[in-house]
């Protein structure tokens, strides 16, 4: 019957899982509003609207605790959430259009038997991941793109090679128990900051976006030899030299 769904039916229609809906029920985020005379609990149209709000806010990067607080706030305005979601979709469309251009460029070079630097594939893979992330806005993606073009593929490969060297040297210092303010670690931190400033926007929004992204995608960080403990160590060392010289 339209407007009344069992948990399995709602999960199938909305692309969620029964386990997820049961979890939302347990934590008081979303519960079936109707109970039949036979004791069956059913989701109503209002519950479906609320589920859309929850999934949309999750897609925008909010944690479940934040989502719960937002939708239970009397001042919550669904139209603001939808406007934010629409803005995010427009950003993703822009990234997808740029990704299409880059993939076509690689395909054209393959057809003409031209060599393709690995850096080009790395950039495409990065954009593919960014498409799935709510943290990198189109503005940040565009800035990275502009910097990549200005630097050039050869210099980018040098920067990435230096990062791998620095990660390895930082890890050795961490294993040896050297504190973040050790002179050797401080020198590594200066090199790290110089490398980062050459590639990425030097502002808090980029750092925060990157931290959230890698926090949710630790396998990407692990592929470069990075983990949370090492990152915390590097961040502490860089913060010390920034406080000292900047």
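Residue numbers (the UniProt record's numbering): 1 to 246. Beta carbons are placed, not taken as given, at the ideal position from N, Cα and C, and that holds for glycine.
Cβ contact check for the region 36-46 and the region 64-72: 3 or more pairs under 8 angstroms: No, the region 36-46 is not in contact with the region 64-72.
Cα-Cα separation between residue 54 and residue 236, rounded to whole angstroms: Taking the straight line from one Cα to the other gives about 36 angstroms.
Extent of the continuous alpha helix (DSSP H) to which residue 36 belongs: Careful: residue 36 lies outside any alpha helix (DSSP H) and carries neither H nor E.
Where residue 113 falls: helix, strand or coil (DSSP): In the three-state DSSP reduction, residue 113 falls in the coil class, being neither helix nor strand.
Whether residue 230 touches residue 156 by CB criterion (9 angstroms): No, Cβ-Cβ distance for residue 230 and residue 156 is not below 9 angstroms.
8 angstroms contact criterion, which residue 20 and residue 33 should meet: CB distance rounded: The beta-carbon distance between residue 20 and residue 33, rounded to whole angstroms, is 18 angstroms. This is too long to meet the 8 angstroms contact definition.
Contact with chain C by residue 231, beta-carbon distance below 9 angstroms: Looking at the structure shown, chain C is missing, and only one protein chain is on hand.
Own chain residues within Cβ distance below 8 angstroms of residue 159, not counting five before or after: 151, 195, 198 and 199, listed in sequence order.
Residues near residue 162 by beta carbon distance below 6 angstroms, same chain, minus five either side: Taken in chain order, the residues that qualify are 195.
Terminal residues of the alpha helix (DSSP H) in which residue 45 lies: Counting along the chain, the alpha helix (DSSP H) containing residue 45 begins and ends at 45-59.
Beta carbon of residue 58 nearer than 9 angstroms to that of residue 30: Against a cut-off of 9 angstroms, the Cβ pair of residue 30 and residue 58 comes out as no contact.
Buried versus exposed, by CB contacts within 10 Å (16 or more), residue 74: So residue 74 counts as exposed.
Inter-residue Cα distance where the pair is residue 90 and residue 61: C-alpha separation (whole angstroms): 16 angstroms.
Per DSSP, cross-strand counterpart(s) of residue 5: Beta-bridge pairing links residue 5 to 43.
Nearest-angstrom Cα separation, counted from residue 240 out to residue 86: Here the alpha carbon of residue 86 sits roughly 40 angstroms from the alpha carbon of residue 240.
Beta-carbon proximity check, residue 178 vs residue 242, cutoff 9 angstroms: For the pair residue 178 and residue 242, the CB atoms are not nearer than the 9 angstroms cut-off.
For residue 225, the three-state DSSP class (helix, strand or coil): Looking at residue 225 - three-state DSSP - the assignment turns out to be coil, as it is neither helix nor strand.
Chain-order list of residues whose beta-carbon lies under 8 angstroms from that of residue 3 (same chain, five-residue window excluded): Spatial neighbours of residue 3 in its own chain (CB-CB distance under 8 angstroms, excluding positions within 5 residues in sequence) are listed in chain order as 44 and 45.
Same chain only: Cβ atoms within 8 angstroms of residue 184, ignoring 5 sequence neighbours per side: Same-chain partners within the cutoff: 173 and 178.
Other residues of its chain near residue 25: CB distance less than 7 angstroms, five sequence neighbours each side excluded: Cβ contact annotation for residue 25 (same chain, cutoff 7 angstroms, sequence separation greater than five): 31, in chain order.
Simplified DSSP assignment, three categories, for residue 175: Residue state, collapsed to three classes: helix.
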